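There are 2 protein chains.
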Amino acid sequence: MNAATPNPIHALRVNGQRLWETLMELATIGATPKGGVCRLALTDLDRLGRDFFVRQAKAAGCTIRIDSIGNIFARRAGRDTARPVVMTGSHIDTQPTGGKFDGNYGVMAGLEVFKTLNDAGIVTQAPLEVVVWTNEEGSRFVPVMMGSGTFIGEFGIDSVLTQKDRDGISVGEALNAIGYAGTDVVSTEAIAAYFEAHIEQGPVLEARETTIGVVTGALGQRWFDVVVTGSEAHAGPTPMGLRKDALLAASHVIQCVNQLALDHAPNARGTVGMLDVYPNSRNVIPGTVKFSVDLRADNDEILTAMVASLHERLVTIAKNGSVSIEMTQVVYFPPQAFAAPLVSAVRSSAIEMGLSEMDVVSGAGHDAVYMARVAPTAMIFVPCKDGISHNEIEDARPDHLEAGCNVLLHAMLKQANGAD
Amino acid sequence: MNAATPNPIHALRVNGQRLWETLMELATIGATPKGGVCRLALTDLDRLGRDFFVRQAKAAGCTIRIDSIGNIFARRAGRDTARPVVMTGSHIDTQPTGGKFDGNYGVMAGLEVFKTLNDAGIVTQAPLEVVVWTNEEGSRFVPVMMGSGTFIGEFGIDSVLTQKDRDGISVGEALNAIGYAGTDVVSTEAIAAYFEAHIEQGPVLEARETTIGVVTGALGQRWFDVVVTGSEAHAGPTPMGLRKDALLAASHVIQCVNQLALDHAPNARGTVGMLDVYPNSRNVIPGTVKFSVDLRADNDEILTAMVASLHERLVTIAKNGSVSIEMTQVVYFPPQAFAAPLVSAVRSSAIEMGLSEMDVVSGAGHDAVYMARVAPTAMIFVPCKDGISHNEIEDARPDHLEAGCNVLLHAMLKQANGAD
Chain A
38 MNAATPNPIH
48 ALRVNGQRLW
58 ETLMELATIG
68 ATPKGGVCRL
78 ALTDLDRLGR
88 DFFVRQAKAA
98 GCTIRIDSIG
108 NIFARRAGRD
118 TARPVVMTGS
128 HIDTQPTGGK
138 FDGNYGVMAG
148 LEVFKTLNDA
158 GIVTQAPLEV
168 VVWTNEEGSR
178 FVPVMMGSGT
188 FIGEFGIDSV
198 LTQKDRDGIS
208 VGEALNAIGY
218 AGTDVVSTEA
228 IAAYFEAHIE
238 QGPVLEARET
248 TIGVVTGALG
258 QRWFDVVVTG
268 SEAHAGPTPM
278 GLRKDALLAA
288 SHVIQCVNQL
298 ALDHAPNARG
308 TVGMLDVYPN
318 SRNVIPGTVK
328 FSVDLRADND
338 EILTAMVASL
348 HERLVTIAKN
358 GSVSIEMTQV
368 VYFPPQAFAA
378 PLVSAVRSSA
388 IEMGLSEMDV
398 VSGAGHDAVY
408 MARVAPTAMI
418 FVPCKDGISH
428 NEIEDARPDH
438 LEAGCNVLLH
448 AMLKQANGAD
Chain B
38 MNAATPNPIH
48 ALRVNGQRLW
58 ETLMELATIG
68 ATPKGGVCRL
78 ALTDLDRLGR
88 DFFVRQAKAA
98 GCTIRIDSIG
108 NIFARRAGRD
118 TARPVVMTGS
128 HIDTQPTGGK
138 FDGNYGVMAG
148 LEVFKTLNDA
158 GIVTQAPLEV
168 VVWTNEEGSR
178 FVPVMMGSGT
188 FIGEFGIDSV
198 LTQKDRDGIS
208 VGEALNAIGY
218 AGTDVVSTEA
228 IAAYFEAHIE
238 QGPVLEARET
248 TIGVVTGALG
258 QRWFDVVVTG
268 SEAHAGPTPM
278 GLRKDALLAA
288 SHVIQCVNQL
298 ALDHAPNARG
308 TVGMLDVYPN
318 SRNVIPGTVK
328 FSVDLRADND
338 EILTAMVASL
348 HERLVTIAKN
358 GSVSIEMTQV
368 VYFPPQAFAA
378 PLVSAVRSSA
388 IEMGLSEMDV
398 VSGAGHDAVY
408 MARVAPTAMI
418 FVPCKDGISH
428 NEIEDARPDH
438 LEAGCNVLLH
448 AMLKQANGAD
């Protein structure tokens with residue numbers, strides 16, 4: 038087709054009202070008094086949420102498969118059964134004091150794409166699929182992103198099925214109890230594309246008054262435990278020059294962590310979120326301080342360089358402060374770039390619809406970060422109010438959610454039809 | 038008398054062995070498995086310690102008076118009953134995990150002075166007195182330095198008698214229970230001098246290999262509660278430029294507190310001993326940080342200037358960090374200079390005996406700091422191992438304790454005899 042012949046598919050739009058109402062209906066399952074949602078993975082409420090999804094997907098003509106970790110795959114057939122699938126999805130489990138949109142939006146947006154195509158009588162070349170990943174939040178069972186991590190082979194199925202919650206109930210037992218221990222084998226082969234629409238969970242889009250975040254990748258993360266050991270002493274009788282103040286030394290590390298991130302702007306992060314002082318008494322110079330360091334960057338070389346700089350600075354800080362400092366890595370996620378053609382499809386879809394858009398990186402982990410290891414992947418972010426998530430007051434605007442869903446629709450169509 | 042006629046009193050020395058043995062005997066009362074002492078104020082163990090003191094004082098020929106807050110005054114008569122008394126003393130209550138020397142040394146050193154004078158058949162012109170102050174530590178009942186503070190009128194007797202411990206037992210009930218609720222009225226008038234020998238509780242004398250600390254006064258103290266309020270946010274999705282990191286701002290305050298003390302070396306102190314982070318989670322930017330600030334200086338103008346500088350810096354730190362900072366004063370002790378003639382008497386006594394000495398200030402509070410408000414006062418410090426106190430491993434050398442007691446003896450003699 039050429040530019041002189043308008044393609045009616047370009048004008049196709051999702052039903053924003055229906056998307057919103059579906060999200061609100063899902064949010065009644067596990068609704069909290071403060072307007073949030075508590076729907077922990079593999080609970081009865083999770084079962085009700087899954088049942089809601091399956092009913093909606095079947096009504097939209099999908100076939101359902103459930104794998105051994107409980108991931109649900111709802112497939113809408115394409116014209117060409119030989120073509121690899123174009124997927125989208127997210128999760129519907131929440132934090133204990135979670136919101137209505139985190140995860141749920143990505144799943145309901147996928148369903149809305151199917152409903153929109155049904156309404157328009159469109160059948161794509163490639164098959165489409167909406168997936169609900171099991172236990173993304175990791176609140177009840179660790180590790181986080183369990184369903185997608187198992188799907189791509191990061192975790193062995195036997196090890197995750199034996200993980201237990203605080204009451205001693207295993208993942209396997211919980212899956213059986215809610216009737217979502219599936220037997221379908223779903224291959225990671227032959228996936229043409231994976232898209233995930235999600236609220237941003239940060240303040241950038243709102244601050245920049247931009248509707249669509251074109252997510253180019255996810256930051257790599259390195260987390261550390263740090264222990265500074267000085268010497269407890271009385272705050273009165275101990276002159277400044279004879280002190281070994283662990284908290285004073287820690288204060289220099291905190292600023293160093295912050296500076297390292299500033300040095301690698303705009304996509305590096307450096308955070309000390311947890312810090313404990315011993316003995317934590319008003320008139321005693323702190324002898325020991327333990328804290329966390331969380332470094333993130335969009336490039337592994339930068340992340341490695343940040344860690345190296347930090348190690349170097351720790352030597353100087355320890356020497357100057359007459360203390361010892363130990364740092365131990367506890368978490369490592371490599372940076373994950375998303376697939377350039379899919380990122381372009383997201384961007385061009387937004388531009389074609391006249392939506393404001395900007396490139397962003399995902400600072401947090403998502404199922405898409407695992408999926409990117411086995412298939413071309415991209416994400417679509419929409420603003421959330423004040424950047425707040427993992428909180429009952431999490432909120433997002435209907436027009437933003439509709440816009441993100443329209444971008445998802447056209448990005449998927451481009452991949453599923455070869456050319457839009 | 039003139040320099041050509043040696044005065045035999047100059048050669049007088051205390052019995053260091055006896056002093057040590059008396060201290061060790063007292064330390065058996067409330068001895069802890071780790072070698073320390075737990076003898077909380079107004080407990081049965083405190084009663085046993087008091088009984089031990091009273092027996093020793095009576096055996097040394099003293100008359101005993103006990104006031105309404107349980108302070109014990111053991112008087113050794115002088116030749117001239119009209120002359121004001123020369124006092125010494127300290128406390129025998131300890132911290133829950135206290136040592137053998139804090140307080141106990143000052144009291145037993147006073148008794149040893151009396152025993153030495155008895156052995157030599159010396160009667161001073163002025164009467165002498167050893168006092169045991171009630172509840173200096175403040176571990177069981179607040180406020181600290183209760184006995185001396187009540188004696189000088191800082192606290193009203195009715196208010197302190199109704200103070201309760203965690204079990205609801207009042208000071209008055211506890212005094213009655215151990216039989217130390219006295220009725221003697223002891224006047225703050227007519228005190229010629231008050232001396233207090235004490236372990237340093239800091240590292241200066243040991244570091245300088247000096248036996249006698251000539252204490253010229255006590256630091257003033259201002260304690261504050263500080264609250265930094267920023268905004269909780271996820272460490273991943275929140276770019277550095279959009280953060281309101283309460284801990285990062287607090288780190289600047291910690292360094293400012295330290296720098297303020299360095300700016301007023303050598304006798305200023307600045308300490309952040311207690312700090313709590315909220316929500317204290319690895320991947321959440323801290324929204325609130327609460328901490329203590331302890332500023333000390335030997336001069337009230339310096340102390341006031343330090344507080345003013347801190348207030349000024351807080352405005353800048355709050356602005357730069359996009360946070361708010363509130364600071365509230367919770368404690369104020371003015372600096373207390375000791376009496377120059379008594380300080381000179383301590384110094385000259387040390388020099389005359391060939392002991393190494395240096396001027397020091399007391400960074401901590403002592404009963405002597407209250408006594409200095411009503412009578413000429415000075416203190417004598419001796420080294421303690423590694424500067425450690427308020428700890429079961431608190432330790433001091435017998436030769437240092439003996440030397441300090443000899444200085445106490447001659448400083449008291451100078452005051453009690455007019456000229457030595």
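Chains as they are written, first to last, in this note's numbering: chain A, 38 to 457; chain B, 38 to 457. Note that beta-carbon positions come from the ideal geometry of N, C-alpha and C, so glycine has one too. Fair warning: this is a prediction, and the values are worked out from it, not measured in the lab.
Sub-8 Å separation of residue i and residue j beta-carbons
i                : j                : result
GLY239 (chain A) : GLY424 (chain A) : yes
GLY107 (chain A) : GLY126 (chain A) : no
ILE236 (chain A) : ASP83 (chain A)  : no
VAL398 (chain A) : ASP335 (chain A) : yes
MET145 (chain B) : LEU56 (chain B)  : yes
ILE228 (chain B) : MET124 (chain B) : yes
VAL222 (chain A) : ASP404 (chain A) : no
ASP262 (chain B) : VAL367 (chain B) : yes
ALA453 (chain A) : ALA163 (chain A) : yes
THR131 (chain B) : ASN52 (chain B)  : no
ILE322 (chain B) : GLU269 (chain B) : yes
LEU63 (chain A)  : ASN141 (chain A) : yes
MET408 (chain B) : ARG306 (chain A) : no
Beta-bridge partners of residue i, as assigned by DSSP
i                : result
ASP331 (chain A) : A:TRP260, A:THR308
SER399 (chain A) : A:ALA255
ILE230 (chain B) : For clarity, residue 230 (chain B) is Ala in the given sequence; the question names Ile instead. Note: ALA230 (chain B) sits in a beta bridge opposite B:VAL123.
ALA68 (chain A)  : A:VAL74
MET364 (chain A) : A:VAL263
8 Å Cβ cutoff, residue i in contact with chain A
i                : result
ALA40 (chain B)  : The predicted model places ALA40 (chain B) with a pLDDT of 49, which falls under 50 and marks its position as unreliable, so this point remains unresolved.
ALA453 (chain B) : no
LEU299 (chain B) : yes
ALA401 (chain B) : yes
GLY273 (chain B) : yes
ARG102 (chain B) : no
ASN336 (chain B) : no
ALA342 (chain B) : no
Chain B within 8 Å of residue i, Cβ atoms only
i                : result
ASP284 (chain A) : Looking at the sequence provided, one finds Leu at residue 284 (chain A) rather than Asp. With 8 Å as the cut-off, LEU284 (chain A) counts as an interface residue toward chain B.
VAL314 (chain A) : yes
ASP10 (chain A)  : Examination of residue 10 (chain A) is not possible in this model, given that chain A is present from 38 through 457 alone.
MET183 (chain A) : no
ILE291 (chain A) : yes
GLN366 (chain A) : no
THR416 (chain A) : Before going on, a small fix: residue 416 (chain A) reads as Met here, not Thr. So, not an interface residue.
PRO276 (chain A) : yes
THR134 (chain A) : no
Contact set for residue i: own chain, Cβ-Cβ below 7 Å, skip 5 residues either direction
i                : result
ALA401 (chain B) : GLN238
VAL410 (chain B) : According to the sequence as given, residue 410 (chain B) is Arg; it is not Val. Result list for ARG410 (chain B): ILE189, in chain order.
ARG384 (chain B) : VAL251, GLU394
ALA94 (chain B)  : ILE101, ALA111, LEU148, VAL167
ASP476 (chain A) : Given that chain A is displayed from residue 38 to residue 457, the structure contains no residue 476 (chain A) and the question cannot be resolved.
PRO378 (chain B) : PRO413
Cβ neighbours of residue i in the same chain (closer than 6 Å, five flanking residues each side left out)
i                : result
ALA412 (chain A) : ILE228, TYR231
TRP170 (chain A) : ASN108, HIS128, GLY184, SER185, ASP404
LEU351 (chain A) : ILE362
Cutoff 8 Å; reference residue i; Cβ partners in own chain excluding five residues on either side
i                : result
HIS427 (chain B) : GLN132, THR134, GLY135, GLY136, ASP139, GLN238
LYS356 (chain B) : none
Check: residue i C-beta below 7 Å from any heavy atom of the ligand FMN
i                : result
ARG434 (chain B) : For the ligand FMN, the structure offers nothing, since it holds no ligand at all.
Discussion item. Can you confirm whether the stretch 241 to 256 of chain B touches the stretch 440 to 455 of chain B when touching is taken to mean that 3 or more C-beta pairs between the two stretches lie within less than 8 Å?
Written reply: yes
Fill in: Any 3 or more C-beta pairs closer than 8 Å across the stretch 297 to 310 of chain A and the stretch 268 to 282 of chain A
Judged by Cβ distances under 8 Å, the stretch 297 to 310 of chain A makes no contact with the stretch 268 to 282 of chain A, as fewer than three pairs qualify.
Discussion item. Under 8 Å: do the stretch 251 to 265 of chain B and the stretch 370 to 390 of chain B share three or more Cβ pairs, one atom per stretch?
Written reply: yes
Worksheet item: Is there contact here, the stretch 205 to 213 of chain A with the stretch 92 to 99 of chain A, by at least three beta-carbon pairs under 8 Å?
Response: no
Discussion item. With three or more beta-carbon pairs closer than 8 Å as the criterion, would you say the stretch 287 to 295 of chain B touches the stretch 279 to 289 of chain A?
Written reply: yes
Discussion item. I want to know whether the stretch 276 to 285 of chain B touches the stretch 428 to 438 of chain B - three or more CB-CB distances under 8 Å.
Written reply: no
Worksheet item: How do the stretch 198 to 206 of chain B and the stretch 170 to 185 of chain B stand: do at least 3 beta-carbon pairs fall below 8 Å, yes or no?
Response: yes
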